[in-house]
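Peer 1: Protein chains in written order, with this note's numbering: chain A, 293 to 889; chain B, 333 to 565.
Every residue gets a Cβ at the ideal spot worked out from N, C-alpha and C, and that includes glycine.
Handing you this structure, nothing more for now.
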Ligand code: HEM
Ligand SMILES: [Cu+2]
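Okay, here's the thing in C-alpha cells:
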C-alpha cells in the first residue's frame, strides 16, 4: 500500500521532539499541516472534533424531539370568543416552528427530526466515535508504536468520514428524511420524503461505511504488526482487545450494509424491484440484510466503551483487572455471537422455528456480556477506589449498562417481545446501552485521557457535577420510557393519549438536565484548555504505555522505542512510571499500592 | 544457481539516484523493517479482499433467494443470455489472471521487460472484457427491453418476475464490471510506476502484488457469476 517512500519519512524522520500540538509555523500553515497530517494523534483529535460536532447536531434534534412530545399533536374543539366552536391543531411545536400545514404535515416534520437524530447518532457518532477518536489516538501509543500501520489511509478515512457526513447534512438541508434510521423498504424506496434527500442520506451512510472499514482494517494490522518488543497478545491493555474485536466486526459486517444501501439506492433511483413487493421483490430481505449488519454493529458501538471501562476501573482503583483473559475473550466471544442474532429485530416477520432459534441465540450474547460486568465489579472489590470523574463514569456505566443489558432479555424472549416490540420499551433499552453504555464510557474515557491528549488537567469538581447531572438526567429521561413502553406507547409517534402525558413530560424535563450536564462538561473542557494546570505525564498512576510518555505526547510518541517490562495492570508488583505523590491531588497521603491485599 | 534476493532481505540504497526505484525504496519509519511493512501491507490487503467477498456475498444471497422464489423466471432469463460471450469473457479473465501472476513473478526475477509485457496483456484483457460486456451483452439486451425493474420492456417475456432476474443480473455484473475497471486502473498505475520509476524489483513489489491479488479476486468472482448466471437452464 505505501509504496511512495519520501512523503512518509518527511513527517516521521526529523528530530524535533516537541509536543504534537505545538504549532510549527504561522496560523495558515498550521491549519494546512493539520489537514494533511498523517500523525494518528492529530487525526484522532480531528475525529474527536468531527464526532462531537455531529453529537451536537444530533443532540439538538433530540432536544427537539423531547420538546415536541411535551404535548401530543392533535386536533381539539375550541370555543372561540364569538361563541362558535372551531377545530384547531394543538401541540405541534415543531409543526408551528416550520410552518407546517395541518396534522399530517406536522407529524411529518416530527418524523424527519427523529430520523435525523437517529441517523446522525448511530452512523456519525456512536459507530465511529470511540475507535476513531480515542482509538486512533491511543491504540498506537498503548502498543508502543510510532503510528498506525497505514497512516495515510488513516487520514483518508477521516476525509471519507467528513464526506459522508456532508452528504447527510446536505440531505437535512434539502428537507430531511422521514424513514427512521433503519431505512425500511418499501417505504424508503418509494413514498418517503423528497427523492434526493433520501438518496443523499443513504449515500452518506454508504460512504461512512468505507471509513469504518478502512479504520478497522488499519487497527487490526496495527495490533498484529506494531506491538512493541516484549508485548505479547496477553500483555495488551484491554482497551486494545476491545478495539481489536470491534475492528473485526466492522470489517466483516460493514460490507454487507454497503451492498444493502447500494441496492437501496438502485431501488430508489431505478426501481429495480429487489426490495419492492409490488414487483415480486422482498422487503423482508432488506431487513435481514440491514440487521445482519446493524446487530453486529451494536457491538461495534459498545465494545470500545467496554474497553474504556476496563481501563478506567483498573487504573482508578489501582488493582489488577479481575480475570484479564476472561474479559479479553469475552470481547472476542461477543464479536462472534453478534453475527448470529440479527433475527431478533424481526421476530414478527419470520417463521416460528426461526424466531425460536434466534431467540435462543440472543440469550447467548448475555453470557460474555455478563462475564465482563462481573469481572469489573470483582475488580472494584477491595480496590482503593479514587472518587473522581472517570471513576464516577465507570460506576455510571456499570449501573446503566446493566439495566440496558437486562432489558434486552425480555426483548429477546418471544412472548414478551411481541408486546414490547416497536414500543418505548425498545427505545429505553437501546438508549440505556448506547447512551448509558457507549456515550457514558466515551465521556468517562475522555476525562481519563484528557490530560494526556491536551496536557492540561480539568477541574475535577465541575466535571463531577457534570457527571452527576448527566447521570440523573439520563435516568429521568429514559427510565420513564420503560413504563411508557410497557403501558403501550408505540415508538415514533408525535401524538399520544392523555394517560401518557405525565411520563412524557417527566422524560422531557430529564432531557434538560442531560443537556445541562453536557454543557457543564463543555465548559470544564474549554476552561481546562484555556486555563487548566499543566498535566503531569502520569496523573492517575496508570501502568499502560501511554502514561510513560509526555503529556501531551511528543510527535513520535516516545523518545525511545519502549520495551514492555510489566503487564498493563500489574499494580501489585510495579510502581507506576513517573510516580510522584504530588501528581495525585486526590490521594496524596497513601503511597502507591503494592499488593492487591 | 544464484539465489535471488527477496523482500525479506532488503538492502535499500537510498542515496544513489541512479539506482532503480525498488532498490531505493525505504520502508516507512514506524515499521521495524521492510519485511514487516510488506507483511503488514499483505495482511491489510487480505482483509480488504475479505470485505470485497462479503460485499458480493450480499448479492449472491439475493440471487439465491430470488432464484428459490422464482426458478422459472431465472431459467427463462438465463436462457436469453449468450453463453458464447460469457464464456469468452471467462477465458479472457483467466488469461489475464495468468499474466498478472507472471508479471509479479517477473518483478521478483527482475525481468522488467516481461513484467511490462505481462501487465500490458492483462490490461488488454481487461479492456476486452469491458468492451464485450458493454457492446455485445448489455447493449443489445438493453435495446431489446431486457432491463432491470420498472425499466423492463420486453414484449416476449415468459414469466412475470423476469424484471427481478434482470435486476439481479445487472446489479451483480455491473458491480463486478466496476471492479474490473478499478482493478485495471490499479494495474495501469503499477505499469506507469514501473516504466517511469522502475518501482518494482526483487526486493520491493508490494503494490504490484496487492493489485495482482485484487485482480485475482475480480476473476474469482466472475468464475462464480458465470455459471450462476449463464448456465442454469
Ligand atoms: C445483553 C445484550 C442485548 C440483548 C439481549 C439485546 C436484545 C435486543 C432485542 C431483542 C432487540 C429488538 C427489540 C424489538 O425491536 O422488538 C433490541 C433492540 C435494540 N438493541 Fe439490543 N440487546 C442487547 C444489547 C444491546 C447493545 C449493547 C446495544 C448497543 C450498544 C443494543 C442496541 C439496540 C438497538 C439500537 C435496538 C433497536 C433497534 C431499532 O429497532 O431501532 N442492544 N435489543
Ligand atoms: Cu440486535
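Considering only residues of the same chain and omitting the five flanking positions on each side of residue 791/A, which have a CB-CB separation below 8 angstroms?
Peer 2: Taken in chain order, the residues that qualify are 779.
Peer 1: Take residue 571/A and list the residues in its own chain whose beta-carbon comes closer than 8 angstroms to its own, dropping the five residues that flank it on each side.
Peer 2: Answer for residue 571/A: 563, 565, listed in chain order.
Peer 1: Taking 9 angstroms as the threshold (C-beta atoms), are residue 564/B and residue 410/B in contact?
Peer 2: Against a cut-off of 9 angstroms, the Cβ pair of residue 564/B and residue 410/B comes out as a contact.
Peer 1: Determine the extent of the beta strand (DSSP E) in which residue 382/A is found, giving its start and end residues.
Peer 2: That run of the beta strand (DSSP E) goes 377 to 382.
Peer 1: At least one CB of chain D closer than 9 angstroms to the CB of residue 388/B: is that the case?
Peer 2: Within the model displayed, chain D is absent; protein chains A and B are what it includes.
Peer 1: At what residue ranges does the segment 523 to 593 of chain A contain a whole run of the alpha helix (DSSP H), taking only runs of 4 or more?
Peer 2: Whole alpha helix (DSSP H) segments, 4+ residues: 530 to 562.
Peer 1: Whose Cβ in chain A lies nearer than 8 angstroms to the Cβ of residue 548/B?
Peer 2: Correct list: empty, because the minimum Cβ distance to chain A is about 17 angstroms.
Peer 1: Taking Cβ-Cβ distances below 9 angstroms as the criterion, which residues of the segment 734 to 758 of chain A are in contact with chain B?
Peer 2: Flagged: no residues at all.
Peer 1: Looking only at its own chain, which residues have a Cβ that is under 8 angstroms from the Cβ of residue 424/B, when we skip the five neighbours before and after it?
Peer 2: Closer than 8 angstroms at the Cβ level, and outside the excluded window around residue 424/B, lie 457, 460, 461, 464.
Peer 1: Following the continuous alpha helix (DSSP H) through residue 356/B, name the residue where it begins and the one where it ends.
Peer 2: Unbroken alpha helix (DSSP H) run through residue 356/B: 353 to 356.
Peer 1: State buried or exposed for residue 831/A, treating a residue as buried only when at least 16 other CB atoms are found within 10 Å of its CB.
Peer 2: Residue 831/A is buried by the Cβ-count criterion.
Peer 1: Closer than 8 angstroms between beta carbons: that is the criterion. Which residues of the segment 488 to 509 of chain B meet it against chain A?
Peer 2: The segment 488 to 509 of chain B vs chain A, Cβ under 8 angstroms: 492, 493, 495, 496, 499, 500, 502, 503, 507.
Peer 1: In chain order, what residues of the same chain lie with their CB nearer than 8 angstroms to the CB of residue 402/B, ignoring the 5 residues before and after it?
Peer 2: Excluding positions up to five away in sequence, the list reads 491, 493, 496, 497.
Peer 1: For the beta strand (DSSP E) that contains residue 783/A, what are its first and last residues?
Peer 2: Unbroken run through residue 783/A: none, as it is neither H nor E.
Peer 1: Going along the segment 319 to 337 of chain A in order, which residues come within less than 7 angstroms of chain B, judged by CB to CB distance?
Peer 2: So the list is empty, because no residue satisfies the distance condition.
Peer 1: Compute the Euclidean distance between the alpha carbons of residue 823/A and residue 736/A, then round it to the nearest angstrom.
Peer 2: Rounded to whole angstroms, residue 823/A to residue 736/A spans 21 angstroms at the Cα level.
Peer 1: Near residue 333/B, which residues of its chain fall below 7 angstroms by C-beta distance, leaving aside the five closest residues on each side in sequence?
Peer 2: Bear in mind that a pLDDT of 43 at residue 333/B, under 50, signals an unreliable position, so the number given afterwards is only what the model happens to contain. Around residue 333/B: no qualifying Cβ.
Peer 1: So, at 7 angstroms on beta carbons, what are the nonlocal neighbours of residue 632/A in its own chain, with the 5 sequence-adjacent residues on each side left out?
Peer 2: Excluding positions up to five away in sequence, the list reads 653.
Peer 1: Name the residues in the segment 461 to 483 of chain B whose C-beta lies less than 7 angstroms from a C-beta of chain A; which are they?
Peer 2: Of all residues in the segment 461 to 483 of chain B, 480, 481, 482, 483 have a Cβ within less than 7 angstroms of some Cβ in chain A.
Peer 1: Give me, in chain order, the residues of the same chain whose beta-carbon lies closer than 7 angstroms to that of residue 593/A; leave out the 5 immediate sequence neighbours on both sides.
Peer 2: Here the set comprises 418, 419, 726, 730.
Peer 1: Name the two residues that bound the continuous alpha helix (DSSP H) containing residue 422/A.
Peer 2: From DSSP, the alpha helix (DSSP H) with residue 422/A extends over 419 to 422.
Peer 1: Which word fits residue 517/B, buried or exposed, when buried means at least 16 other C-beta atoms lie within 10 angstroms of its C-beta?
Peer 2: Burial call: exposed.
Peer 1: Name the two residues that bound the continuous alpha helix (DSSP H) containing residue 451/A.
Peer 2: That run of the alpha helix (DSSP H) goes 443 to 465.
Peer 1: Run the proximity test for residue 649/A: is its beta-carbon closer than 8 angstroms to any non-hydrogen atom belonging to ligand 2?
Peer 2: False, no ligand heavy atom lies under 8 angstroms from that Cβ.
Peer 1: Starting from the C-beta of residue 834/A, find all residues in its chain whose C-beta is less than 6 angstroms away, skip the five residues before and the five after it, and write them out in chain order.
Peer 2: Counting only Cβ-Cβ distances below 6 angstroms, and skipping sequence neighbours, we find 607.
Peer 1: To which residues of the same chain is residue 545/B closer than 7 angstroms at the C-beta, ignoring the five residues directly before and after it?
Peer 2: If we look at residue 545/B and ignore the five residues flanking it on each side, its Cβ neighbours are 377, 381.
Peer 1: Under 6 angstroms Cβ to Cβ from residue 771/A, same chain only, skipping five residues before and after it: list those, please.
Peer 2: There are no such residues.
Peer 1: Looking at C-alpha atoms only, which residue of 867/A, 860/A, 863/A, 849/A is the closest neighbour of residue 361/B?
Peer 2: Per the Cα distances, 849/A.
Peer 1: Measuring only the C-alpha atoms, how far is residue 493/A from residue 456/A?
Peer 2: Between residue 493/A and residue 456/A, the C-alpha separation is close to 9 angstroms.
Peer 1: So for residue 867/A, helix, strand or coil by DSSP?
Peer 2: Coil at residue 867/A, not helix or strand.
Peer 1: Quick one: residues in its chain with C-beta nearer than 6 angstroms to the C-beta of residue 555/A, no 5 flanking neighbours on either side, listed in chain order?
Peer 2: These residues qualify, in order along the chain: 566.
Peer 1: Using a Cβ-Cβ cut-off of less than 9 angstroms, give me the residues of the segment 371 to 396 of chain B that come near chain A, in sequence order.
Peer 2: Per Cβ criterion, the list reads 371, 372, 373, 375, 376, 377, 379, 380, 382, 383, 384, 385, 386, 387, 388, 389, 390, 391, 393, 394.
Peer 1: Could you give the DSSP three-state label for residue 428/A: helix, strand or coil?
Peer 2: Residue state, collapsed to three classes: helix.
Peer 1: In or out: residue 528/B buried (at least 16 other Cβ within 10 Å) or exposed?
Peer 2: Answer is exposed; the Cβ neighbour count stays below 16.
Peer 1: Please indicate yes or no: does the CB of residue 590/A lie closer than 8 angstroms to some heavy atom of ligand 2?
Peer 2: True, at least one ligand heavy atom lies under 8 angstroms from that Cβ.
Peer 1: Which stretch, first to last residue, makes up the alpha helix (DSSP H) that contains residue 369/A?
Peer 2: From DSSP, residue 369/A is part of no alpha helix (DSSP H) but of the beta strand (DSSP E) over 366 to 371.
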